[in-house]
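Counted from 1, the sequence shown has number 212 at position 212 by the UniProt record's numbering; the numbering is strictly sequential.
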Amino acid sequence: MFPQFFSDVIFGTTSKTAANSSRRSSRLSSQHDKVLSCSIKLTLEDIYTGKTSKLSLQRHIFCPGCRGTGEAIQDSLVSKTCQSCNGCGVRYFKYKSGSTTKQIDLSCGDCHGVGEHVERTNCAQCVGKKTITKHMFLDAKIAKGVRDKQKITIPLQSLHNCPQQQQEKDEYRDVIPNEIIAVIQEIPHHRFKRLADNLVYEAHIDLVTALSGGQIAIPHLDDRVLLANLSPGEAMRPDCVKVIPNQGMPVYNSHHIQGHMLVKFFVDLPQNEWVTPDIIAQISALLPPAPQVPTFVNKRVENVTLTDSVATKHWEV
1 MFPQFFSDVI
11 FGTTSKTAAN
21 SSRRSSRLSS
31 QHDKVLSCSI
41 KLTLEDIYTG
51 KTSKLSLQRH
61 IFCPGCRGTG
71 EAIQDSLVSK
81 TCQSCNGCGV
91 RYFKYKSGST
101 TKQIDLSCGD
111 CHGVGEHVER
121 TNCAQCVGKK
131 TITKHMFLDA
141 KIAKGVRDKQ
151 KITIPLQSLH
161 NCPQQQQEKD
171 EYRDVIPNEI
181 IAVIQEIPHH
191 RFKRLADNLV
201 YEAHIDLVTA
211 LSGGQIAIPH
221 LDDRVLLANL
231 SPGEAMRPDC
241 VKVIPNQGMP
251 VYNSHHIQGH
261 MLVKFFVDLP
271 QNEWVTPDII
281 AQISALLPPA
291 PQVPTFVNKR
301 VENVTLTDSV
311 ATKHWEV
C-alpha cells in the first residue's frame, strides 16, 4: 500500500504540474500567435510601381482615468441614504410565535448594513468601456504585381524586439500579435482594366486612322507614354484586339517578367452630313466595292425609310 500511495502522490503531482505548465505555455503561445487583419486600397499605379503604405493599427489599453474599472474615481462618487433601512443599516422584521409577537433585527441587504448607497457613474474618458483605443503606425512595403483580394503577411517581429514597443499589446485582451494579414483591395482604373497579369486598354480612333493608319498614344501607369503605329492599309475593324508584348502588369515575386497589354479598338464614325455627295462619290471610288443586294424571287419587295428613333429608352435593342 505504501509504494502505491507514494507512487500516486509523486506521479499524480508531477502529471498535474506538467499539465498546468503545458496549459500556461499554450496560453502564452496563443497570446503571441494572434493575427491582426486589415485591408489596403491600392490603385493600378501603386501596384505597377510598388508602394510603401502606412498602416494605422489599433490597440486597446486600460483607461488611465479609471484604471480599467469603467467607473468614476472615488472622489466623484455620490452617496445617498438607503431607503430600505432609512440609513440605519438594520431592518426589523416581526413574526408571530404562538400567541406572542417577536421582532428580529437583520442587516439590510440593499446597502449591506452600511446605511447608504453609492451611486457609481461611468468614467468620462472611456464611458464605462474600461479601455481606450490608441493608434500606432507601421510602414508596409507592397511588392509589385499584387492582385485584388490577395493576402500578404507583414511580420511584427521588429516591433517586438524594440524596447519601446515591448508594451505595444492589447492589454484588454492580453494579445501580442506576431503578424498582420493585409488584404489587397484594387481600385478600379479609369483607363485600364486588369486581366490577371495583362492590361486591357480601349483605344478610340477615327475613321481616317482606322482606314489609312497612323499613331495612337497610350499613357502608361508610370511616367511613360506608348506610341503605337497603325500600318497603312490595315483596316482596324471595331472590337479588333492587338497585343503590345511585355507592357502589362509585373508578375508578383518575379524579376523583370511582365504580362501583355491588349488594345481593343473602337472606331468613332463622323457626324451626319459631314461631307458633300461629290466627295462621297470620290471616297466610294477609292474603297472596295460594296456587295450587291440579293434579288428575291416570288417575293413582294417594299421600299422603306429609316428615321431616327425618339423612344429608344422604351426599347431594348
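Positions of the beta carbon are idealized from the N, C-alpha and C atoms, including for glycine.
8 angstroms contact criterion, which residue i and residue j should meet: CB distance rounded
i    : j    : result
Q215 : N198 : That pair is no contact at about 22 angstroms.
C66  : I73  : 7 angstroms
Y201 : R191 : 7 angstroms
Beta-carbon contacts of residue i that lie in its chain and below 6 angstroms, excluding the five residues immediately before and after
i    : result
S309 : none
I244 : M261
L28  : Note that L28 scores a pLDDT of 40, beneath 50, so its modelled location is shaky and nothing firm can be said.
H189 : L44
A210 : M236 and V267
Y172 : Model confidence at Y172 stands at a pLDDT of 46, short of 50, so the residue's coordinates are unreliable; what they give is reported in the following sentence. H60 and T131, listed in sequence order.
R120 : E71
A203 : I216, V263 and F265
C240 : F265
Own chain partners of residue i with C-beta closer than 7 angstroms, once the 5 adjacent residues on each side are dropped
i    : result
S212 : P232
K134 : R59 and I61
N246 : Q258 and H260
C88  : G115
K41  : Q185 and I187
L227 : Q215 and A217
L306 : none
Pair within 7 angstroms by beta-carbon distance, residue i and residue j
i           : j    : result
I180        : I154 : yes
D139        : T52  : yes
S84         : D110 : yes
L221        : E45  : yes
residue 318 : K94  : Any property of residue 318 remains undetermined from this structure, which presents the chain solely from 1 to 317.
G145        : P219 : no
A182        : I152 : yes
F137        : K54  : yes
H117        : K80  : yes
Own chain partners of residue i with C-beta closer than 8 angstroms, once the 5 adjacent residues on each side are dropped
i    : result
G70  : C63, N122, C123, C126, G128, K129 and K130
G113 : G89, V90 and S107
L269 : L207
Q | Three CB pairs or more closer than 8 angstroms across the segment 234-242 and the segment 262-272 | A | yes
At which residue ranges does the segment 51-121 contain complete beta strand (DSSP E) runs of 3 or more residues, listed in the order of the chain? 51-62, 78-81, 90-97, 100-107 and 116-119
* To do: May I have a chain-ordered list of the beta strand (DSSP E) segments no shorter than 3 residues that lie completely inside the segment 205-287?
  => 214-219, 225-230, 241-244 and 261-268
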